[in-house]
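Reviewing the structure listed below.
Numbering (mature numbering (1 follows the signal peptide of the UniProt record, and there is no 0)), first residue to last: -20 to -1, 1 to 317.
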């Protein structure tokens, strides 16, 4: 497994090719394009389009550059006499055809192989002046697949662990080299981390004879500069596979402060409301207690008056009875006589 700085450089170029903004590239409906990067499956067909509407005396070339190797000439096309020629291993290869009608220089590759994964250059040459018309990175996916979570949302100061799951199918070359790239609006895409030649996080399924590896990228103390899309690239089974990327959103610190202020205000409002309710209940109980005392005060004189009336009545009855008692002294005087 090549792990030298040169390999990392080529891998970075491959990633930049994936992220390049090329809008003129067109291809068959069986493949998927994403900004100059084509992802196709083994057995698919792809057409890379290239046209030069300049001088009719120009020569058009197609080059293929496999990762870690020098570019190899695929074909030449001379617009003046409408002749084209294939070279090297592309000569007499029925999978490669060229369409040169109406100043076109379209190359079609059928029955894609893993070995077709490379960067393809369409070059125009006239009077010793060379122009790169098209640059396309083609990634042919075999049985190995790379999965990443679609997105993660984290608040400033938090932490997150990005996952990269590699399913290598029946292919197992003993070790993987895993690379993490970051792409954001604030900075150019670039390599940020690598797991070099590690397979200690892999599991083998004996029933299906497949291998699954999980690689993590822990990140702590996040801030707004960490926001972006993180891509996992895996060098395995003689090919380079890219994940679809995980978009990391880091919440705005201003929004966090607004949330803190809002929650603080809500807490203060709740506290004030609780105090007002407690004071209101206290006043209600106090008024109820005072009303009870007042009623007790009103009922006390009525009882006193009743007792006074009863004593007066009793006194009157006693006086009356005393009046009706015969005068004993008078009776004694009459007896003496």
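The beta carbon of each residue, even a glycine, is placed where N, CA and C say it ideally should be.
Name the two residues that bound the continuous beta strand (DSSP E) containing residue i.
i: residue 70; result: Premise fails: residue 70 is in no beta strand (DSSP E) and is neither H nor E.
i: residue 132; result: 131 to 134
i: residue 52; result: 52 to 58
i: residue 95; result: Neither: residue 95 is in no beta strand (DSSP E) and is coded neither H nor E.
i: residue 162; result: 156 to 163
For residue i, which three-state DSSP category applies?
i: residue 114; result: strand
i: residue 229; result: strand
i: residue 208; result: strand
i: residue 275; result: helix
i: residue 270; result: helix
i: residue 143; result: strand
i: residue 38; result: coil
i: residue 80; result: coil
i: residue 88; result: strand
i: residue 47; result: coil
i: residue 103; result: strand
i: residue 126; result: strand
i: residue 253; result: helix
i: residue 242; result: helix
Going along the chain, which residues of its own chain have a beta-carbon closer than 8 angstroms to the beta-carbon of residue i, five neighbours each way excluded?
i: residue 96; result: 89, 118, 120
i: residue 132; result: 140, 142, 226, 227, 228, 229
i: residue 23; result: 91, 92
i: residue 164; result: 207, 208, 209
i: residue 68; result: 52, 53, 54
i: residue 137; result: 201, 202, 203
i: residue 174; result: -13, 157, 158, 159, 160
Using a Cβ-Cβ cut-off of 6 angstroms (strictly less than) and excluding sequence neighbours within five positions of residue i, which residues of its own chain qualify?
i: residue 74; result: none
i: residue 172; result: 160, 162
i: residue 54; result: 42, 44, 70
i: residue 79; result: 86
Per DSSP, residue i forms a beta bridge with which residues?
i: residue 220; result: 215
i: residue 197; result: 142
i: residue 26; result: 89
i: residue 184; result: 191
i: residue 63; result: 58
i: residue 109; result: 106
i: residue 170; result: 162
i: residue 31; result: 84
Quick one, which of the options has its alpha-carbon nearest residue i's?
i: residue 50; options: 62, 66, 98, 21; result: 98
i: residue 181; options: 232, 60, 158; result: 158
i: residue 21; options: 57, 33, 94; result: 94
i: residue 32; options: 46, 84, 251, 57; result: 84
i: residue 58; options: 38, 264, 48, 147; result: 38
i: residue 215; options: 135, 18, 47, 40; result: 47
i: residue 193; options: 126, 252, 224; result: 126
i: residue 116; options: 266, 107, 247, 17; result: 17
With a threshold of 7 angstroms, establish whether the CB of residue i neighbours any heavy atom of the ligand PLP.
i: residue 260; result: Judged by which ligands are present, the structure shown has none, so any question about the ligand PLP falls away.
Give every residue of the same chain whose Cβ lies closer than 7 angstroms to the Cβ of residue i, excluding the five residues on either side of it in the sequence, and list them in chain order.
i: residue 129; result: 143, 226
i: residue 64; result: 55, 56, 57, 78, 80
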